[in-house]
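For reference, the structure discussed in these notes is given below.
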Amino acid sequence: MSAYGDTFSIRTSGKGTYDVTSEVAGVVEASGIVTGTATVMVQHTSCSLVIYENADPSAREDLHQFFEHLVPEDLPFYVHTYEGPDDTTSHLRMALTRTSEVIPVIKGHLQLGTWQGVYLFEHRAAPHTRKLAVSVVGG
Amino acid sequence: MSAYGDTFSIRTSGKGTYDVTSEVAGVVEASGIVTGTATVMVQHTSCSLVIYENADPSAREDLHQFFEHLVPEDLPFYVHTYEGPDDTTSHLRMALTRTSEVIPVIKGHLQLGTWQGVYLFEHRAAPHTRKLAVSVVGG
Amino acid sequence: MSAYGDTFSIRTSGKGTYDVTSEVAGVVEASGIVTGTATVMVQHTSCSLVIYENADPSAREDLHQFFEHLVPEDLPFYVHTYEGPDDTTSHLRMALTRTSEVIPVIKGHLQLGTWQGVYLFEHRAAPHTRKLAVSVVGG
């Protein structure tokens, strides 16, 4: 039995989804763990994680548009908008998706389905460097 | 300390919620782990997981209706609809709920509250076979 | 390698967010685990967890207002309202946020970012005692 932890960063260039599956799989491989659990977390409150369809980019286009529709930038009751119209909405969109994704590891592999990718969901319009922490626990 | 992993499948017959609590508890029991963490993940992007009220079926009826309301099948900007009106909405509803549920194990039992059940939330109208992966890590 | 589990309760006084970060960090410290994963879960279906911005209270005010907007108490199709207008909405708001939060532990510390706090999100108007379970697994 062992536990392994690492961090990595990615650079985002505006709102949208960024595939981090290979980075997470790389940490699992480095851990040498065959059976257990991998956890990846974004260390921010204005971006989030989501496991999403990885085959057809139009699926993610709909995701992006849907969140503009579901959490619009101009709701009249917002007060937390010091950093612009994408300030409070970034936090709300994060709360509606996930800060961590947790994936079983069996036979040395992340148990993602064929069409599942792990994406960082950037909610801010300006470019950002995003830090992620990964832990793998098992044997 | 040990780690244990297993997979199982369930058959769905259209949109709705399907109780998988006993299947997850069965993997925990098979693991023999007394203190630790259990993770269950659906290996698909058109269904999801949610821990929900397990006493009164009307609670889940409202859940089903609410998601038809929150993520309607006819929003004008959808482009990912090759497989029908429940194609892109299945992914969106998955993103708004959870792909994995992670439950502490203490004294050999999943630490679910009295009214908490683990449900697979099927978002596709057609029947599907859904695969789930479970890992249990602890001692 | 070891695994550690504990439970704690907090008292809520109506809808809103309640910081439980220090309680979770306390369990991690008590576990003595340096590298691994911490899981915190609410054992209820009418409150939830969310990692949210911890610097400016106005961010959480917008969160509270947004959920009144997104999941209003008066949708015409609700049937699960025996306990009042905040009955079914509590479950729906729980499903849209999280029952568990899972946080990597590296060098003995929860890997929360600078502005991330762990909050219990109470969806019921009446005061409640809420039970949480925490497990920490690692070495």
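Chains as they are written, first to last, in the working numbering: chain A, 255 to 393; chain B, 255 to 393; chain C, 255 to 393. All C-beta atoms in this analysis are idealised placements derived from N, C-alpha and C, irrespective of residue type, glycine included. The structure presented is a predicted model; accordingly, all values stated were derived computationally and were not measured.
Closest Cα partner of alanine 279 (chain B) within the set B:Glu376, B:Ser263, B:Leu364:
Comparing Cα-Cα distances from alanine 279 (chain B) to each of B:Glu376, B:Ser263, B:Leu364, the minimum goes to B:Leu364.
For tyrosine 258 (chain A), return the contacting residues in chain C, with the cut-off set at a CB-CB distance below 8 Å.
Residues of chain C whose Cβ lies closer than 8 Å to the Cβ of tyrosine 258 (chain A) are, in chain order, Thr289.
Threonine 342 (chain C) (DSSP reduced to helix, strand or coil):
helix
Just list the residues that DSSP pairs serine 300 (chain A) with in beta bridges.
The partner list for serine 300 (chain A) (beta bridge, DSSP) is empty, contrary to what the question assumes.
Counting only the same chain and skipping the five closest in sequence on each side, list residues whose C-beta sits under 8 Å from that of valine 325 (chain A).
Thr343, Leu346, Arg347, Leu350
Thinking C-beta only, is isoleucine 305 (chain A) closer than 9 Å to threonine 353 (chain B)?
yes
With 9 Å set as the bound, which would you pick, yes or no: does the beta-carbon of threonine 261 (chain B) sit closer than that to a beta-carbon of chain A?
Threonine 261 (chain B) counts as touching chain A.
Closest Cα partner of glutamine 370 (chain A) within the set B:Glu327, B:Ser300, B:His323
B:Ser300
Use the C-beta contact count for glutamate 283 (chain A): other C-beta atoms within 10 angstroms, 16 or more gives buried, fewer gives exposed.
exposed
Is alanine 279 (chain B) close to chain C? Criterion is C-beta to C-beta, closer than 9 Å.
no
Using a Cβ-Cβ cutoff of 9 Å, what residues of the segment 320 to 336 of chain B are near chain A? List them in chain order.
Along the segment 320 to 336 of chain B, the positions whose C-beta sits under 9 Å from a C-beta of chain A are Leu324, Val325, Leu329, Phe331, Tyr332, Val333, His334, Thr335, Tyr336, read in chain order.
Start and end residues, alpha helix (DSSP H) containing arginine 352 (chain A)
Where arginine 352 (chain A) is concerned, there is no enclosing alpha helix (DSSP H), given that its DSSP letter is neither H nor E.
Against chain C, does aspartate 316 (chain B) count as a neighbour if the rule is that its beta carbon must be under 9 Å from one of theirs?
yes
Can you find the residues in the same chain that come closer than 8 Å, C-beta to C-beta, to threonine 291 (chain B), ignoring five residues on each side of it along the sequence?
These residues qualify, in order along the chain: Val356, Ile357, Pro358, Val359, Val390, Val391, Gly392.
According to DSSP, simplified to helix, strand and coil, what is leucine 317 (chain C)?
helix
Could you check if histidine 334 (chain A) is buried or exposed, using at least 16 other CB atoms within 10 Å of its CB as the buried criterion?
buried
Output, in chain order, the set of chain A residues within a Cβ distance shorter than 8 Å of glutamate 283 (chain C).
Ordered by position in chain A, no residue passes the 8 Å Cβ test against glutamate 283 (chain C), which lies about 17 Å from the chain.
Assign alanine 309 (chain A) to buried or exposed, taking buried as 16 or more other Cβ atoms, counted over all protein chains shown, within 10 Å of its Cβ.
Alanine 309 (chain A) comes out exposed.
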